[in-house]
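Q: Residue numbers (this note's numbering), protein chains in the order written: chain A, -8 to 245; chain B, -8 to 245; chain C, -8 to 245; chain D, -8 to 245.
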Ligand SMILES: Nc1nc2c(ncn2[C@H]2C[C@H](O)[C@@H](COP(=O)(O)OP(=O)(O)OP(=O)(O)O)O2)c(=O)[nH]1
Ligand SMILES: Nc1nc2c(ncn2[C@H]2C[C@H](O)[C@@H](COP(=O)(O)OP(=O)(O)OP(=O)(O)O)O2)c(=O)[nH]1
Ligand SMILES: Nc1nc2c(ncn2[C@H]2C[C@H](O)[C@@H](COP(=O)(O)OP(=O)(O)OP(=O)(O)O)O2)c(=O)[nH]1
Ligand SMILES: Nc1nc2c(ncn2[C@H]2C[C@H](O)[C@@H](COP(=O)(O)OP(=O)(O)OP(=O)(O)O)O2)c(=O)[nH]1
Ligand SMILES: O=P(O)(O)OP(=O)(O)OP(=O)(O)O
Ligand SMILES: O=P(O)(O)OP(=O)(O)OP(=O)(O)O
Ligand SMILES: O=P(O)(O)OP(=O)(O)OP(=O)(O)O
Ligand SMILES: O=P(O)(O)OP(=O)(O)OP(=O)(O)O
Ligand SMILES: [Mg+2]
Ligand SMILES: [Mg+2]
Ligand SMILES: [Mg+2]
Ligand SMILES: [Mg+2]
Ligand SMILES: [Mg+2]
Ligand SMILES: [Mg+2]
Ligand SMILES: [Mg+2]
Ligand SMILES: [Mg+2]
Ligand SMILES: [Mg+2]
Ligand SMILES: [Mg+2]
Ligand SMILES: [Mg+2]
Ligand SMILES: [Mg+2]
């Protein structure tokens, strides 16, 4: 039609080739969302597992995602530097990922939250950041895991203090100016909690990746046989340390 | 942390001030999605009303959206040229809108599709296009409505032919090379269908906008009173014609 | 060759259609350049006329430039909103303009500075800014002319004070906190200078545009005849006032 | 002033950190420029040395340029991946480089072209391309050198044929469909020219880089002493081969 010329106002937003693309999504206003849905404090396992479920849908849908990392209300999806998804069009990648994640969040809600009713549909923002080499990409991943660690250590202390009878204000004051060591010490001395015994998913977040797993598959004959098939697996390792990358040398290669 | 420098790789994506922003979303692979969910042909009213519901959530959430237009598996959200949402950061705007839309689609599915089970979470892409003046913005809106009209006229003929016993291939051949007039004529002569009698939502799509509506509100005293409040209203007007814009002179001003 | 794939790293930088493009160039380190070349203070007519000459080369070279405005060490080139120069590729436009301007500056130097030797080749930066409508574009042009006025009024006072025997420090202190009126008054009362008598090129900068001018042209027969031909003309009008735009209604249309 | 808001229309164009930036400039319409200035064919040493001179000015001005490569009417400037020049603002970098180059071209013209008068000021375009790793950056540099080689071999054959009495059309036909080997053979068999004896600057272009060179410096006492100082040096090496990079391991590090 004579109106089609308006399509020329769409500008090209292709991303630089040869760099890793990280699509990070983050829940919009989850301070309110978590409180309206009575998320457990400081961590709600149901919420984290729901997030991981949604993320695994993203991995299954988009081949170019080589690994994903989630914590709190956020998830980072790493696309291989050779990724050609949507010709590397930035908006296409971020919106396809974030919308699938958001719709999955509602779709799978009941599977994790059972009788807790979802009161309104959540939204997420997403952005794409280019990382040109493995070193800076690893630093990105470390950044998010450090963030998880710091928040979780703080929140664990905070809610432990509150549960022990302190007011939120008192708890905050007690923690003000403390370092990691102080917080570990506080948990151990005052409450007998060894921080390292807290589930790794809370302390380190979740790493989702493709791996080969054994699976029983039913043959046409009805006989069950074991097969090695690719599947998304979730681990809660410390990937700030070199050891992780020595053990997983090809993880970021796609 | 020492890793925070990675945030510097996030580049500024703010959009030009003073231009209208159109965020258009479109269902990913809805050819498959509509067929797996047995959408009615050529139009499924439940689907269109669900789309409109999701879009109205977007309008309610984001003040800067002055009007929205939907048809088929797509919706266009027009943000006022003064919009300051997310400081006009492109990725923030598109991802917040598209993720709310997608999660709403699942959230409200049952309200429109009842016993028809949602089999998997749908995704949408989104893009933002800048339009610098009213003329080209109106042409954009006309473009989408013409697209709706052309597709709907074709699909109406196609499925009418198929229902009458033709094979899809025969129907396609019958329509090949025909103009609008021919198709109107075909519907009328062969099937007694006056195309203009088909519901306007199918022929013209849906325009969603803010308006003042009368509403009965319950006072504290228990007494019901009538109040004029702003609400999202849906119309199916022809906005290709000047008449629409003469009647709605301030629609795009925000 | 097998190396050609590196061309894929060149990203598209086309600018939005339908908006005016302003390419503003500005001398790099002209504080030093003007002092090393003993530019007259506060204004050097030779320098301004050289700038205008270079700018007129740009207009002659690039049709899409509808008007240009210069003052101090800067020039703004306005490209029509329909401009298709280099398919609106941003880097192409800015670099072609700025490099022609810079090479012209050296090329024509002697014509304006005569025996004053050019000691080193000057550089300019350039940027392109999109302006979506006439109002904001006019405000841009007013912004540059107000800037010219403010700087020139200040510099005129400053150098008049210095010439009268004040030290630069004393002159600065005398002017500190004064408004436009105070400065006009100072010039008039203390030095008998009516600011409005200062050449318009200093007070208002230079507007370059295409116009039809009468020119004597020699025919093949040798006879001279008058012809109306398009040429770049330079004026020093006040275009902050509406009057200018009423008199030049089509100036920005290209 | 109240007009200053127009500055908000300037958008951020900072380039990705951590990647090499290549600014390639290329003469505009040098087909015409070289012919109007009677450039020697197939190569004009004066022109190439003038280009190199201009490029060395760029290196001297901008620390972040680690190496430059020139051939024909083009030059590529490689900025280190840590370059912070103009906060990596793309337009600032490209326009400052290209305008300095263009003004230098006129400034130094006479030094190389002597009595050959410069008839008009030349322009250059410039673009910036990001290269994320050494491999692709080396491929970029090889791409330009291969381009130099292919054009020069062709042009050498073409003009040798023309000088030998062939018409341009005949020369073109003679070369049509020939490979490198054929062209080397043609030069050698028919004209006794060993292509490798042709000056390296023509065959391989020019690499400009910083190096430490010995220089005689006059002391205050009047005595001349040898000093090692950094200076831009020009070589015509083959940097497609690994050998070059083994010998110059830190060249691209800045
Ligand atoms: N109780 C509880 N709260 C959580 C859990 N995971 C995340 N949250 C909450 C804590 C924070 O208030 C919020 C995430 O912080 P953000 O910085 O993303 O802020 P928020 O989403 O409110 O705002 P935003 O729209 O992202 O700027 O979600 C959880 O497992 N349990
Ligand atoms: N049966 C039925 N199909 C519909 C209805 N609305 C949309 N569709 C189908 C028709 C098209 O196959 C599809 C929309 O076309 P698109 O061009 O958006 O293609 P699709 O979403 O498959 O691919 P995409 O990911 O957008 O490139 O959705 C409806 O009301 N009823
Ligand atoms: N004496 C004299 N100086 C002038 C004349 N026109 C411009 N200038 C000087 C005054 C300023 O120091 C300088 C222009 O100011 P800018 O803000 O452009 O600064 P500059 O070019 O030094 O730095 P930049 O590289 O643009 O950030 O040029 C003139 O006609 N006479
Ligand atoms: N005779 C002669 N010509 C040369 C020499 N170096 C370059 N040229 C000419 C050959 C080509 O016609 C031209 C460079 O080719 P380009 O592809 O850059 O084309 P041109 O600059 O004409 O157009 P452009 O504005 O870059 O698209 O310059 C030389 O040393 N001698
Ligand atoms: O959202 P914050 O405050 O955690 O930090 P951010 O995500 O970097 O900020 P923004 O969402 O505004 O990009
Ligand atoms: O998706 P299409 O084919 O209707 O057309 P488009 O949306 O303009 O194409 P794309 O989704 O690739 O931008
Ligand atoms: O150069 P200035 O300081 O007059 O102001 P600007 O040109 O807006 O700054 P920049 O050259 O850094 O864009
Ligand atoms: O100028 P060309 O044709 O040698 O090739 P290019 O430089 O890649 O093309 P453009 O100057 O249009 O970017
Ligand atoms: Mg955020
Ligand atoms: Mg959040
Ligand atoms: Mg968060
Ligand atoms: Mg599409
Ligand atoms: Mg679709
Ligand atoms: Mg569609
Ligand atoms: Mg500046
Ligand atoms: Mg300056
Ligand atoms: Mg200036
Ligand atoms: Mg080119
Ligand atoms: Mg050229
Ligand atoms: Mg060239």
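The C-beta atom is built at its ideal place from N, Cα and C for all residues, glycine as well.
Source: prediction; values computed, not measured.
In chain order, what are the residue ranges of uninterrupted alpha helix (DSSP H) at least 4 long that sit wholly in the segment 62 to 144 of chain D?
A: List check, alpha helix (DSSP H) in window: 81 to 104.
Q: So residue 7(C) and residue 7(B) are supposed to be a Cβ contact under 8 Å. How far apart are they, rounded?
A: Contact holds; Cβ gap of about 7 Å.
Q: Among 163(A), 224(A), 129(A), 52(A), which residue has its Cα nearest to the Cα of residue 197(A)?
A: Of 163(A), 224(A), 129(A), 52(A), the residue nearest in Cα terms is 224(A).
Q: In terms of DSSP beta bridges, what is residue 18(B) paired with?
A: DSSP output for residue 18(B) lists 115(B) as bridge partner(s).
Q: Using a threshold of 8 Å, state whether the C-beta atoms of residue 64(B) and residue 21(B) are closer than that.
A: In this structure, residue 21(B) lies closer than 8 Å to residue 64(B) by Cβ.
Q: With DSSP collapsed to three states, give me the class of residue 159(A).
A: Of the three classes helix, strand and coil, the one that applies to residue 159(A) here is helix, per DSSP.
Q: For residue 237(C), report the span of its alpha helix (DSSP H) as first-last.
A: Run containing residue 237(C): 233 to 238, per the alpha helix (DSSP H) assignment.
Q: Quick one: grab the DSSP three-state call for residue 48(B).
A: Of the three classes helix, strand and coil, the one that applies to residue 48(B) here is helix, per DSSP.
Q: With 8 Å as the threshold, decide whether the Cβ of residue 7(B) is near any Cβ in chain C.
A: True, the Cβ-Cβ gap to chain C drops below 8 Å.
Q: Please return the same chain residues whose Cβ sits closer than 8 Å to the Cβ of residue 113(C), not counting the five positions on each side in sequence.
A: 18, 19, 21, 24, 93, 96, 97, listed in sequence order.
Q: For a contact defined as C-beta to C-beta under 9 Å, what are the partners of residue 3(C) on chain A?
A: Near residue 3(C) (Cβ distances below 9 Å), the residues of chain A are 2, 3, 4, 5.
Q: My assumption, with CB atoms under 8 Å, is that residue 60(D) sits in contact with residue 132(D). Please give the rounded CB distance.
A: About 6 Å separates the two Cβ atoms, so the contact holds.
Q: With 16 other CB atoms within 10 Å as the buried threshold, where does residue 208(C) fall?
A: Exposed: under 16 other Cβ atoms inside 10 Å.
Q: Does the distance from the CB of residue 117(A) to the CB of residue 82(B) come in under 8 Å?
A: Yes.
Q: Using 10 angstroms around the beta-carbon of residue 192(D), count the other beta-carbons present and answer buried if the total reaches 16, otherwise exposed.
A: Residue 192(D) should be labelled buried.
Q: List the residues of chain A whose Cβ lies closer than 8 Å to the Cβ of residue -1(C), in chain order.
A: The answer, in chain order, is 8.
Q: Helix, strand or coil for residue -6(A) per DSSP?
A: Residue -6(A) falls in the coil class under three-state DSSP.
Q: Tell me the rounded alpha-carbon separation between residue 42(A) and residue 195(B).
A: C-alpha separation (whole angstroms): 39 Å.
Q: So which residues of chain A does residue 13(D) contact, with C-beta pairs closer than 8 Å?
A: By Cβ distance, chain A contributes nothing, its closest Cβ being about 13 Å from residue 13(D), past 8 Å.
Q: With hydrogens ignored, establish whether the beta-carbon of residue 80(D) is closer than 7 Å to any heavy atom of ligand 3.
A: No, ligand 3 has no heavy atom inside 7 Å of this Cβ.
Q: Measure from the C-beta of residue 118(B) to each C-beta in chain A and report whether the shortest distance is under 8 Å.
A: For residue 118(B), the answer is yes, since a Cβ of chain A falls inside 8 Å of its Cβ.
Q: Does the Cβ of residue 3(D) lie closer than 7 Å to at least one heavy atom of ligand 7?
A: Flag unset: Cβ of residue 3(D) not near ligand 7.
Q: Within its chain, find whatever has a CB closer than 6 Å to the CB of residue 186(B); leave out the 5 residues flanking it on each side and keep chain order.
A: If we look at residue 186(B) and ignore the five residues flanking it on each side, its Cβ neighbours are 175, 178.
Q: I think residue 68(D) touches residue 56(D), with their Cβ atoms under 8 Å apart; what is that distance to the nearest whole Å?
A: Confirmed, about 5 Å.
Q: Apart from the five residues just before and just after residue 10(A), which ones in its own chain have a Cβ nearer than 7 Å to its Cβ?
A: Counting only Cβ-Cβ distances below 7 Å, and skipping sequence neighbours, we find 72, 121, 122, 123.
Q: Determine the extent of the beta strand (DSSP E) in which residue 203(C) is found, giving its start and end residues.
A: Residues 197 to 209.
Q: To the nearest angstrom, report how far apart residue 100(A) and residue 245(B) are at their CA atoms.
A: Their Cα atoms are separated by approximately 36 Å.
Q: Does DSSP put residue 154(D) in a helix, a strand or coil?
A: Residue state, collapsed to three classes: helix.
Q: In whole angstroms, what is the alpha-carbon distance linking residue 145(A) and residue 70(B)?
A: Cα-Cα distance, rounded: 40 Å.
Q: Determine the DSSP secondary structure at residue 38(B), reduced to helix, strand or coil.
A: Three-state DSSP puts residue 38(B) in a helix.
Q: Just list the residues that DSSP pairs residue 221(C) with in beta bridges.
A: DSSP output for residue 221(C) lists 203(C) as bridge partner(s).
Q: Leaving out five residues before and five after residue 242(C) in sequence, what residues of the same chain have Cβ atoms less than 8 Å from its Cβ?
A: Cβ within range, chain order: 57, 58, 200, 236.
Q: Is residue 19(D) close to chain C, meaning its C-beta is less than 8 Å from at least one C-beta of that chain?
A: So, interface residue.
Q: For the alpha helix (DSSP H) containing residue 174(B), name the first residue and the last one.
A: Run containing residue 174(B): 171 to 182, per the alpha helix (DSSP H) assignment.
Q: Compile a chain-ordered list of the residues in the segment 180 to 201 of chain B whose CB is closer than 9 Å to at least one CB of chain A.
A: Against chain A - using a Cβ distance shorter than 9 Å - the segment 180 to 201 of chain B contributes no residues.
Q: I need the DSSP call for residue 7(A), collapsed to helix, strand or coil.
A: Coil.
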